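Per our numbering, residue 367 is the first one in the sequence shown, and the count goes up by one each step.
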Amino acid sequence: MDAAVWLHSENSTVCGAWGLRKAEDHQCWCRGAGAPGAPRPGAGPWALPASRSCSFLIELVPSIMSNLLNPDAIFSNNEMSLSDIEIYGFDYDYTLVFYSKHLHTLIFNAARDLLINEHRYPVEIRKYEYDPNFAIRGLHYDVQRAVLMKIDAFHYIQLGTVYRGLSVVPDEEVIEMYEGSHVPLEQMSDFYGKSSHGNTMKQFMDIFSLPEMTLLSCVNEHFLKNNIDYEPVHLYKDVKDSIRDVHIKGIMYRAIEADIEKYICYAEQTRAVLAKLADHGKKMFLITNSPSSFVDKGMRYIVGKDWRDLFDVVIVQAEKPNFFNDKRRPFRKVNEKGVLLWDKIHKLQKGQIYKQVSLDQFVVCVALLCGQQSRSSMADDLTLKHGWRTGAIIPELRSELKIMNTEQYIQTMTWLQTLTGLLEQMQVHRDAESQLVLEEWKKERKEMREMTKSFFNAQFGSLFRTDQNPTYFLRRLSRFADIYMASLSCLLNYDVSHTFYPRRTPLQHELPAWSDRATTSRAPLLQEAQAK
């Protein structure tokens, strides 16, 4: 039995087949007409596959549009039944509490000012403002070369997403820089996000890293534009320290506490989720790195004054990641004034706030809450060492699903996949005219891949894909999260005994009849949710 779960944190029509629906004289490559200006390949081997592809596309898109994905659904990487879960653990930031767009601006500005005032960086960098549309999570930063990039699950750089400062690095320069587009394992942090000796790549995984990436890029941009000689390693460390100081010096906490309504998004559904679990007899705990007074004010705002009554254990200033590794830190009580007490803890009391502690000690206490030996827990170490089921909260998921549900995106992706299939099928034709058409198709495919990237983010594209491959971010998500969702409120759409089944998608050597389009394994559809 799984005892616990941890929940942490344009209206133009594309070319190709769509020209058939607009004008008979459109130079549609899918019809076998060839690229504009290219010799017509004639009937031969081209006409039948192309015409079939057009018919397939015209019929398929309306079918897809009638089966849109539900942004409020929970998605499963691994089969998991909520009826087996007795304990629910929560992170605080971006799990129980969501912040407004103003927070990243606050962090960026405060860290930028720390660079100027404490690290003696040029005062001119104050002209740079936070751009919420620049970076996405999951990017890698090459500390030695001072470039930001997106890497896929196989350690390949997505060309066109490498930025030095605020400018894209040409593909040719990237290939020369890395002797290809592959980044060796020894240059990166390992699969579990831990650093190895000599690695030069830093991955930015959490939402708080967005202002850090933007600040790094802005300062790099200033140095490059003004021909200022600098050491990239020092810049990375100084920006990292400044971002850290915004947290540990209390700058962020004080600003939020002073204007909670500006920085915290009120969400009555957070209380609804917690109350639902409590009503069904579930045990709940909260573990966060944030200080006691900060958490208390935030939870009072979104849940109510009695928020502690909903939790069996509350741990603040857990000092993650030391929480996972240091076995020598015993629990300490925190009184109502935030003062640490020195008395020894023999058992955990509901409604009491604790500080520090180690993962191993906490798991023992959780087992007492369950009345059995729990096999559960938190993020990577919880999954790998203790076997806890994990759920990831990914706020970006909702906006990406809404984009994927648009007709333009569906048309573009359907034609892109069809074009890829045609390239694979027709590449056997080696005559000059056929090769010319194939080259034009490859060019169109490249342009359309760039178009699909810009649907999500002009610089880096989707959080989850690099062209056809999963991102490095999604690779880790698939490994460590049993389920994932856009927000905690998604749990309200499911019964506490619901079982999540991952859709069976075909491996490369399996028949597509077993794919997620099969009637025996269905996606969570938007229309079904609206009909309820």
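Cβ atoms here follow ideal geometry from the backbone N, Cα and C, with glycine treated the same way. If you're wondering where the values come from, they're calculated on a predicted model, not measured in any experiment.
Could you tell me the boundaries of the beta strand (DSSP E) in which GLN569 lies? Where GLN569 is concerned, the enclosing beta strand (DSSP E) stretches over 567–569.
- Message: Distance cutoff 9 Å, beta carbons only. Does THR778 sit that close to anything in chain C?
- Response: This model lacks chain C altogether, as it is built from one protein chain only.
Handout entry: Rounded C-alpha distance that separates ARG503 from THR786
Key = In a straight line, the C-alpha of ARG503 is about 28 Å away from that of THR786.
_What does the Cβ neighbour count give for PHE520, buried or exposed, with the cut at 16 atoms within 10 Å?_
The C-beta of PHE520 has fewer than 16 other C-beta atoms within 10 Å across all chains shown, which makes the residue exposed.
Handout entry: Segments assigned alpha helix (DSSP H), at least 4 residues, entirely inside the region 747–798
Key = Counting whole runs of 4 or more residues, the region 747–798 contains the alpha helix (DSSP H) stretches 762–770 and 773–792.
Exposed unless 16 or more other CB atoms sit within 10 angstroms - verdict on ALA439: Counting of Cβ neighbours within 10 angstroms places ALA439 among the buried residues, the total reaching 16 or more.
For this session: Ignore the nearest five residues each way along the sequence and tell me which others in GLY670's own chain have a CB closer than 8 Å to its CB.
Result: The beta carbon of GLY670 is closer than 8 Å to those of ARG637 in its chain, skipping five residues each way along the sequence.
**Report entry** Spatial neighbours of SER449 in its chain, beta-carbon cut-off 6 Å, leaving aside the 5 residues before and after
**Finding:** Leaving aside the five residues that flank SER449 on each side, the residues in its chain whose CB is nearer than 6 Å to its CB run, in chain order, SER863.
I need the straight-line Cα distance from GLU806 to LYS812, nearest angstrom please.
Answer to the nearest angstrom: the Cα atoms are 10 Å apart.
From ASP572, GLN510 and MET554, residue whose alpha carbon lies closest to that of MET543
Of the listed residues, the one whose Cα sits closest to MET543 is GLN510.
Return helix, strand or coil for LYS467, following the three-state DSSP convention. In the structure shown, LYS467 sits in coil (DSSP, three-state: anything other than H, G, I, E or B).
task = Determine the burial state of LYS591: buried for a count of at least 16 other Cβ atoms within 10 Å of its Cβ, exposed for fewer.
result = Here LYS591 is exposed, its C-beta having fewer than 16 other C-beta atoms within 10 Å.
Alpha-carbon to alpha-carbon, GLN715 and ASP604
Looking at the two C-alpha atoms, the distance is approximately 42 Å.
Buried or exposed, going by whether 16 or more other CB atoms sit within 10 Å of the CB of LEU873? Exposed.
#### Entry: Host beta strand (DSSP E) of VAL540 (start-end)
Residue range 537–544 is occupied by the alpha helix (DSSP H) that includes VAL540, with no beta strand (DSSP E) assigned at that position.
Review point. Who are the near neighbours of PHE487 in its chain, counting only those whose CB is closer than 6 Å to its CB and skipping five residues on each side?
Key: Checking the sequence, you will find Tyr at residue 487 rather than Phe. The answer, listed in chain order, is LEU481.
Item to complete: Might you give, ordered along the chain, the residues of its own chain that have their beta carbon closer than 7 Å to the beta carbon of LEU505, omitting 5 neighbours on each side?
Response: Excluding sequence neighbours, LEU505 sits near LEU514, MET515, LYS516, PHE570, MET579 and PHE826.
- Which residues share a DSSP beta bridge with PRO657? Beta-bridge pairing links PRO657 to no other residue.
* Asked: Excluding sequence positions up to five away, which residues of its chain have a Cβ less than 8 Å from the Cβ of ASP479?
  -> Excluding five sequence positions before and after ASP479, the CB atoms of its chain that fall closer than 8 Å to its own CB belong to ARG492, given in chain order.
Between which two residues does the alpha helix (DSSP H) carrying ILE614 extend?
Residues 598–614.
Can you name the start and end residues of the beta strand (DSSP E) that MET851 belongs to? Unbroken beta strand (DSSP E) run through MET851: 849–851.
Starting from ASP508 and walking both ways along the alpha helix (DSSP H), at which residues does that stretch end? Where ASP508 is concerned, there is no enclosing alpha helix (DSSP H), although the beta strand (DSSP E) it sits in stretches over 506–508.
Buried or exposed by the 16-neighbour rule on C-beta atoms within 10 Å, applied to LYS649: Per the 10 Å Cβ criterion, buried.
| message | Considering just the uninterrupted stretch of the alpha helix (DSSP H) at PHE589, what are its terminal residues? | response | For PHE589, the enclosing alpha helix (DSSP H) stretches over residues 575–591.
* When you compare each of PHE500, PHE846, ALA641 and ASP508 to THR566 by their alpha carbons, which one comes out closest? -> Taking only the C-alpha atoms, the option nearest THR566 is ASP508.
request  = To the nearest angstrom, report how far apart GLN783 and ILE594 are at their CA atoms.
outcome  = Between GLN783 and ILE594, the C-alpha separation is close to 46 Å.
**Buried versus exposed, by CB contacts within 10 Å (16 or more), HIS470** = Classification for HIS470: buried.
Review point. Considering only residues of the same chain and omitting the five flanking positions on each side of LEU789, which have a CB-CB separation below 6 Å?
Key: Cβ neighbours of LEU789 within its own chain (closer than 6 Å, five residues either side excluded): TRP807.
Requested in this report: Examine the Cβ distances between the region 763–779 and the region 818–833 and report whether three or more of them are shorter than 8 Å.
Outcome: Enough Cβ pairs lie closer than 8 Å, so yes.
Tell me the rounded alpha-carbon separation between ASN483 and LYS721.
Cα to Cα, the separation comes out at about 32 Å.
Close Cβ partners of VAL682 (< 7 Å) along its chain, the five nearest in sequence each way excluded = Cβ within range, chain order: THR654, SER656, PRO657, SER658, VAL661, VAL700, ILE719 and LYS721.
Which listed residue (LEU763, ILE622 and ILE668) has its alpha carbon closest to that of ALA641: Minimum Cα distance to ALA641 is reached at ILE668.
Can you tell which of ARG870, GLU490 and ALA852 has the C-alpha that lies nearest to the C-alpha of SER765?
Of ARG870, GLU490 and ALA852, the residue nearest in Cα terms is ALA852.
Measuring alpha carbon to alpha carbon, tell me which residue in GLY616, ILE626 and SER533 is nearest GLU587.
By alpha-carbon distance to GLU587, the top candidate from GLY616, ILE626 and SER533 is SER533.
List the residues that DSSP assigns as beta-bridge partners of SER828.
-> Looking at the DSSP assignment, SER828 forms no beta bridge with any residue, so it has no partner.
Judging by CA-CA distance, which residue of GLU445, ASN433, PRO437 and HIS374 is the nearest neighbour of ASP848?
Comparing Cα positions, the closest option is GLU445.
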